[in-house]
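J.: Protein chains in written order, with our numbering: chain A, 2 to 344; chain B, -2 to 447; chain C, 266 to 664. Even glycine gets a Cβ: it sits at the ideal position worked out from N, Cα and C. All values derive from a computational prediction rather than experimental measurement. Pasting in a structure now, in structure tokens, and then I'll have a few things to ask.
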Amino acid sequence: MEAIILQILNGLDKGSAYALIALGLTLIFGTLGVVNFAHGALFMIGAFCAVTLSRILTLSRTVVDETQTDFLGNPLEVQVPYVYDWFGQATGDAIIDWAVPLSILFAIPVMMLIGVIMERGLIKHFYNRPHADQILVTFGLAIVLQEIIKFYYGANPIPTPAPDAFRGSFDFGAMLGLDPNVVIYPYWRIIYFAFAAVIIGAVFAFLQFTTFGMVVRAGMADRETVQLLGINIDRRFTIMFGLAAAVAGLAGVMYTPINSPNYHMGMDFLVLSFVVVVVGGMGSLPGAVLAGFLLGILESFASMREVLEVLPGINQIIIYLVAIIILLTRPRGLMGRKGVMED
Amino acid sequence: MSKTDLTRRGLLKTSAIAGAGVALPTIFTASSAAAFTNEPTGDTVTLGFNVPQSGPYADEGADELRAYELAVEHLNGGGDGGMMNTFSSNALQGNGILGKKVEYVTGDTQTKADAARASAKSMIEKDGAVMVTGGSSSGVAVAVQALCQEAGIIFMAGLTHSNDTTGKDRKANGFRHFFNSYMSGAALAPVLAANYGTDRKAYHLTADYNWGYTTEEAVRASTEAMGWETVAAVKTPLTQTDFSSYIAPVLQSGADVLVLNHYGGNMVNSLTNAVQFGLREKQVNGKNFEIVVPLYSRLMAKGAGANVKGIFGSTNWHWSLQDEGSKAFVKSFGTKYGFPPSQAAHTCYVQAMLYADAVERAGSFNPCAVGEALEGFEFDGMGNGKTLYRAEDHQCFKDVLVVRGKENPESEFDLLEIVEVTPVDQVTYAPDHPQMGGAEATLGECNPGA
Amino acid sequence: MLGLDKKDFRLLLIVIAITLLAPFILNPFPENSGMAQFNAGYPDLMQRFVIYGIFAIGFNILFGLTGYLSFGHAAFLGVGSYAAIWMMKLVTLNVIPAIILGVIIAGLFALAVGYISLRRSGIYFSILTLAFAQMSYALAYSVLTPITGGETGLQIKSTDSPLLSNLEPGEIGRANLFGMDMRAGFDLSFGDWLFTINAGYYIAAVFMIIAFYLSIRIFRSPFGTMLRAVKSNQTRMYYTGLNARPYTLAAFVISGMYAGLAGGLLVAMDTQAGPERMFWTASGEVVLMTILGGAGTLIGPVLGSGAIKYMENILSKINKDILHEWFAFMPDGLEDFVITIVYPFIGKGWHLTLGLIFMAVVIFLPGGLVEGGQRIGRLLRGKKANPDDEKATQSTPAE
């Protein structure tokens, strides 16, 4: 029982990342009809927004400390962050400690801007091109973005911890009235799940309850008619691209304390998120979210020792196996629309 | 626009054919002209440095390349000479190798066997490299070693830790300075027993590929010999990035030690996740819960940040060693690049030096002669104390470092502290040890190519 | 001639000429010049050019004609490699049986995967093929290690003694064609130029020429027309009483067999098989090769594969030292400046150049490299472009 609860938590947590990335992909796909292979790269850039902000916050002046020596025996150069000078050491430390949550504020405008530039500068010209061309150009873009990050930040993972207050774990089981000390769960992962839920809810609410969202949904269903009504749908779609980029970016920012970001994390997620989108059904936002959580949970169960003893290697293939089964039993995934990307 | 490094073909051109002149084709087989593959005939010799430059190990590869460049500089008489001054063999003069200036070519293994072989083949076929070295994974090492055996040149392995490289996949033309899974297990077990007691229950998470298997086998064998019990061993996919679903059940299993048989990105993530789940603050069976990482790499440990603190592991070499060789190497590397070298850089530098020295002593670049000079060669002053290149399997036997993540690092490089230097006798095994492929494993015949 | 019309026959002759003269064409620079770095005429790379050319030609039969975008074609290449190397380890070191077995096994695997995947179309089909390939990769890397060698892959060892060979004990078997070593060859020298003639390359080249010829025949056959019909309007096909499935399945299996041929040849040229060959990036690579060259054209996939393999093998080997030698003639400050600009694009940055080229080609040359060639051709001939010429190489735009 406890083991099952734990794996459901793990699954929801993994599923949050999958769902957020898949949501953005589907937004872009549903609005613009573009297969965006650079979406993983947007997730990665989001994560590096957090790295960048913590680098900015720790920008330092160099002080030579004659009393200590470095590994070569020269006087040690001590780095003193400017925030110490401005706010004092205690406040400075607190600011640096909170770099990741602060990055949310930093990442939203940056990612929106990147998204809008991408759409206006590149993707716009590919609306009427074959999907194969879209794949080639966005894949090329993904490689370029990833190599730029590699050039400046190196290939190694960069530790980007959560604020002190959220490090570590707590007894989730005891809160539910289970035996203590069994269902232990890290704070940050719970926060990640809650954060994902809020973002997903906000996106749905935005599309459902605002006039802007209504127009976008109408445009997704029938672009030409909406344009004939004299509405500038293109501009709204550009904004939607920016929004999708921001969603991917925020997923990346919040992911950094869970696993140290590196330049190829986007590619690691890219294929998986495509599987999620397709299993959910092309063009369906609820489908993408549902598939994200479903695959996350199944993946977690497949990694249990008890399961692996019966089916060795199942953890290697579970996601793909499930994808095959779903696509064979449900032709358009869980909630796909007829005729979308079927030719 | 002059290109100074002469390739094999360049040299052929400068020999008899060049004089023959213009349009008359001269046909000959390369093999009949030389005694062995890519025999250097001019006044330079070309070495091939095949390291990962893209993919997850690109930073490690970059450090390997720095070490090779430093080694070439020292071999050609530049710089401060580094470990050439502390090396027990005095064959190297700082005038290249056998008086030939050392040139090099580089390539990208991408940490893929296919790409690594393609890159090594281009060094052999196009650039006339007489030796290929480098790499950051056992898959690549085994694949390139097999290629060099076929092609008839020497392979000096870079960072490769799987038993197989000098175990069941050993080759006469291949040599490994780096330590291996067996040695990690043998060195770690006594230290773990001394610190954590002999009554422990271990839970293994193992990367699901060859290196993971040999490491788990080695650590299990040596810890079980100390009295530990292995509660469970779970295999994790190489492509896994989030290990939460593997870490979460550990506490319920009754285990009180978690062994992470992971390397690189896997290690960074699994260790980060394990600390996140609060394993280290827990008490199980009345003891503190502990985590062990059998193979540490400082470059990778950096990615895990503060999570490495207090965690035991083993490493081939560390820059804080205080012997003369290590100090000389750290000094010349640090002066040139501004930061201390990694263990990958160290092993690559040493391999390049050992190769050059063996050629000098053999008086020939012929791979068979070089191999003979390396087999059973005992040396000192290269950072690991007295070392033997064993003839039976071409594995170096030397002291192994047991390290622990440092609680209060003084700098960004100061992540590990040396807990114990396990003497070589404790990590030595028979050449036909079952973990090393048993009696069937054989080097085969040395192959000089042509 | 050979069942081809004049234009196709001319194209075939050009391809034969280029393939046979490749050792000379690819080594345009004298050995000692600074440009020798860009020479690609050494056996391994030439072999890879033609082998990946075969792979892409086969992929194009499926993708270029039917529009079905398989994202798991590398699995067939990998399976073909494993079949071939086991043939060489167990039965004979002759490459022909190994290659044949590779083609057959890959074909059977493609039949199974295609039978299931072709029940869906569009991106659903792509994800199904991707899923099969990723499962093959993951299993080959891990639980199937006893069969596949796992991470380290399979090589021929001194302990292998194939049934139909008489190796000395301890001798490592070598791939051969009725006794001729794949690595046999000789060097030709003309003044400053040096060319390597290699047996393995020419064997692979013959296979590629045959593969190319067959692909022309398929493109021009009623079967090929039927496949194009699948692409342009499948529904209409159904209404005229034709079932598209058998045709697409046949195309899928044929292209799977091409991949198996490529896999078998890879093993024949370099006796090694490993699981990375089946990773999704490898499947993606053949997609990129085809689109980069020009999907749906005959010659495009070959050009695309050549371009990508060239960058992977040549660009990645240029290091800072070589740059310093190239730009040594400049004043110091300028030299450093130029090197700082160029450096991110070569050596370890070769992926960046690759990405930029993908983008540039697809933005400026929508029809791939083939279109680039046509534009240049048109420029050379003035504006009087002959519309027939275009038809010969570019049949339909990519979809």
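Excluding the five sequence neighbours on either side, which residues of its own chain have a C-beta within less than 8 angstroms of the C-beta of R510/C, listed in chain order?
T.: L383.
J.: I'd like to check one pair, V102/B with T41/B: are the Cβ atoms closer than 9 angstroms?
T.: In this structure, V102/B does not lie closer than 9 angstroms to T41/B by Cβ.
J.: Can you pull the chain A neighbours of T332/B, defined as C-beta to C-beta under 9 angstroms?
T.: Residues of chain A passing the Cβ test: L73.
J.: Indicate whether at least one CB of chain B lies closer than 9 angstroms to the CB of F270/A.
T.: Chain B, which has a Cβ nearer than 9 angstroms to the Cβ of F270/A, makes this yes.
J.: Report the neighbours of M342/A on chain C: residues whose CB is nearer than 7 angstroms to its CB, in chain order.
T.: In chain order: G387 and I388.
J.: DSSP on K279/B, reduced to helix/strand/coil?
T.: It is coil, neither helix nor strand.
J.: With 9 angstroms set as the bound, which would you pick, yes or no: does the beta-carbon of I290/C sit closer than that to a beta-carbon of chain B?
T.: Not an interface residue.
J.: Would you decide whether D269/A is buried or exposed? Buried here means 16 or more other CB atoms lie within 10 Å of its CB.
T.: Flag for D269/A reads buried.
J.: Is the number of C-beta pairs between the segment 29 to 49 of chain A and the segment 63 to 71 of chain A that are closer than 8 angstroms three or more?
T.: These segments do not touch.
J.: Quick test of the definition: if touching needs 3 or more C-beta pairs under 8 angstroms, does the segment 610 to 628 of chain C touch the segment 136 to 149 of chain A?
T.: They touch, by the three-pair rule.
J.: Hey, how far is the Cα of I583/C from the Cα of G155/A?
T.: Taking the straight line from one Cα to the other gives about 19 angstroms.
J.: Alpha carbon to alpha carbon, how far is K496/C from S285/A? Give it in angstroms, no decimals.
T.: Computed Cα separation, rounded: 25 angstroms.
J.: With DSSP collapsed to three states, give me the class of A447/B.
T.: Note: A447/B maps to coil in three-state DSSP.
J.: Per DSSP, what kind of secondary structure is L335/A in: helix, strand or coil?
T.: Three-state result, L335/A: coil.
J.: Relative to the C-alpha of T331/C, which residue among A440/C, N463/C and Q499/C is closest?
T.: When only C-alpha atoms are compared, the closest one is Q499/C.
J.: For the segment 366 to 377 of chain B, list every residue whose C-beta sits within 7 angstroms of some C-beta in chain A, in sequence order.
T.: Here the close residues number zero.
J.: Do we get a CB-CB distance below 9 angstroms when we pair P291/B with the residues of chain C?
T.: Cβ-Cβ to chain C under 9 angstroms: no for P291/B.
J.: How many whole angstroms separate the CB atoms of A140/B and Q399/C, which I take to be in contact at a CB cut-off of 8 angstroms?
T.: At roughly 22 angstroms, the Cβ-Cβ gap does not stay under 8 angstroms, so A140/B and Q399/C are not in contact.
J.: Could you give the uninterrupted runs of the beta strand (DSSP E) lying entirely in the segment 284 to 318 of chain B, keeping only those of 3 residues or more?
T.: Counting whole runs of 3 or more residues, the segment 284 to 318 of chain B contains the beta strand (DSSP E) stretches 287 to 292 and 309 to 312.
J.: Spatial neighbours of N363/B within its chain, please: CB distance less than 7 angstroms, with the 5 preceding and 5 following residues excluded, ordered by chain position.
T.: Contacts found: A32, F33 and P445.
J.: Do you know how far the Cα of S250/B is from the Cα of A289/A?
T.: Computed Cα separation, rounded: 35 angstroms.
J.: Can you tell me whether DSSP reads T439/B as helix, strand or coil?
T.: DSSP places T439/B in coil when its eight states are reduced to three.
J.: Could you pull the start and end residues of the alpha helix (DSSP H) that T500/C belongs to?
T.: Counting along the chain, the alpha helix (DSSP H) containing T500/C begins and ends at Q499 to Y504.
J.: Note down, in chain order, all residues in the segment 284 to 318 of chain B with a beta-carbon under 9 angstroms from any beta-carbon belonging to chain A.
T.: Per Cβ criterion, the list reads L296, M297, K299, G300, A301, G302, A303, N304, W316 and S317.
J.: Please tell me whether Y83/A and L60/A are closer than 9 angstroms, where the distance is taken between their beta carbons.
T.: Contact: yes.
J.: Should P428/B and E389/B be called a contact, given that it needs their Cβ atoms to be closer than 9 angstroms?
T.: Yes, these two residues count as a Cβ contact at 9 angstroms.
J.: With A204/B as the anchor, note down where its beta strand (DSSP E) starts and where it stops.
T.: Segment K198 to A204, the beta strand (DSSP E) holding A204/B.
J.: Between G79/B and the ligand GTP, is there a pair consisting of the residue's CB and a ligand heavy atom that are separated by less than 8 angstroms?
T.: This structure does not include the ligand GTP; it has no bound ligands of any sort.
J.: Classify P487/C as buried or exposed, calling it buried when 16 or more other Cβ atoms lie within 10 Å of its own Cβ.
T.: Exposed, because fewer than 16 other Cβ atoms sit within 10 Å of the Cβ of P487/C.
J.: Ends of the alpha helix (DSSP H) at A118/B?
T.: Ala is not the amino acid found at residue 118/B; the sequence shown has Lys there. Here the alpha helix (DSSP H) through K118/B covers A110 to E122.
J.: Measuring only the C-alpha atoms, how far is D165/A from A95/A?
T.: Looking at the two C-alpha atoms, the distance is approximately 9 angstroms.
J.: Let me know the secondary structure DSSP gives G125/B once reduced to three states.
T.: DSSP places G125/B in coil when its eight states are reduced to three.
J.: So that I know if they touch, is there some Cβ in chain B lying closer than 9 angstroms to that of D213/A?
T.: The question names Asp, but residue 213/A in the sequence shown is Phe. Not closer than 9 angstroms to any Cβ of chain B, the Cβ of F213/A fails to qualify, so no.
J.: With distances taken between CB atoms, is the gap from I94/B to V129/B smaller than 9 angstroms?
T.: For I94/B and V129/B, no; Cβs fall outside 9 angstroms.
J.: Which of the three DSSP states, helix, strand or coil, is assigned to L95/B?
T.: Looking at L95/B - three-state DSSP - the assignment turns out to be coil, as it is neither helix nor strand.
J.: If we require 3 or more residues per run, which beta strand (DSSP E) segments fall completely within the segment 182 to 260 of chain B?
T.: With a minimum length of 3 residues, the continuous beta strand (DSSP E) runs that stay inside the segment 182 to 260 of chain B are 198 to 204, 226 to 233 and 254 to 258.
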